[in-house]
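Enquirer:
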Amino acid sequence: MIAETARRNMVDCQLRTNRVTDEAVLAAFESVPRERFVPAGRRAVAYVDDDIEIAPGRFLMEPMVLARLVQEAMIGTNDVAMVIGCSVGYSAAIVSRVAGTVVAIEQDPDLAARANNLLREFGADNVAVFQALHAEGYAGQAPYDAILIDGAVDHVPATLFDQLGEGGRLVAVRRAGPVGEAILFLKVGGVISERT
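According to the numbering used here, the sequence shown is numbered sequentially starting from 27.
#1: Starting from the C-beta of F85, find all residues in its chain whose C-beta is less than 7 Å away, skip the five residues before and the five after it, and write them out in chain order.
#2: For I175, which residues in the same chain have their Cβ closer than 6 Å to its Cβ, ignoring the five residues on either side in sequence?
#3: Counting pairs of beta carbons, one from the segment 148-165 and one from the segment 126-139, are three or more of them closer than 8 Å?
#4: Using a Cβ-Cβ cutoff of less than 7 Å, which residues in the same chain neighbour D105 once the five nearest sequence positions on both sides are dropped?
#5: Which residues bound the alpha helix (DSSP H) around Q97?
#6: Where does the unbroken alpha helix (DSSP H) through D171 begin, and where does it stop?
#7: Here's a check: name, in chain order, each residue in its chain whose Cβ is nearer than 6 Å to the Cβ of M36, leaving out the five neighbours to either side.
#8: Going by CA-CA distance only, name the one from E192, V114, Q97 and A118 that's closest to R45.
#9: Can you tell me whether I28 is helix, strand or coil according to DSSP?
#10: By the DSSP assignment, the beta strand (DSSP E) with S219 in it spans what residues?
#11: Excluding sequence positions up to five away, which residues of its chain have a Cβ less than 6 Å from the Cβ of N142?
#12: Could you check where the alpha helix (DSSP H) with T185 kicks off and where it finishes?
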């Protein structure tokens, strides 16, 4: 009950107040138990408005940032989406609530195994986790309608744009000095455009 209240407060106080207005995205965040995706010792802070370290150098993205990215990706219920760097699967679980099919990529074998187990326990049967290099994505299911990069990057590898379908959207946080900027990439006529 405490976790459910904390989850509802996260949606109302962190997401709704920061221009997350898509009801499907809000419902996804309200339905996915974030506390199950963090280490046992960190569950009390699962709903803080911050990144949470889940392995050395790996974090669950701040809920508001993840929600804004998912909203900007405009993922539909028939879309095939790919999540790059899914770590333990939280972002893939969120995307599974708005997409038809989700391919989740994690290069760390231990995190990929944890993601697989947690997503199975959660009942996200429309998600397939693959251990692969983040920069390579997973061409076997391409083209994708939407790609989400979970984590900040210096640049987006061309390989991922190649796997994006016509009209596809890719969302990422690109490092820009001490902070990052959320970027939406759109593929139209084979050409990639971007906006912050």
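Note that CB positions come from ideal geometry on N, CA and C, so glycine has one too.
Expert: A quick look at the data gives this:
#1: D77, I78 and E79
#2: I110 and A198
#3: yes
#4: A125, G126, D171 and A172
#5: P89 to E98
#6: Here D171 belongs to no alpha helix (DSSP H); instead the beta strand (DSSP E) covers Y170 to V179.
#7: Y73 and P89
#8: Q97
#9: helix
#10: V217 to R221
#11: V155
#12: A184 to D188
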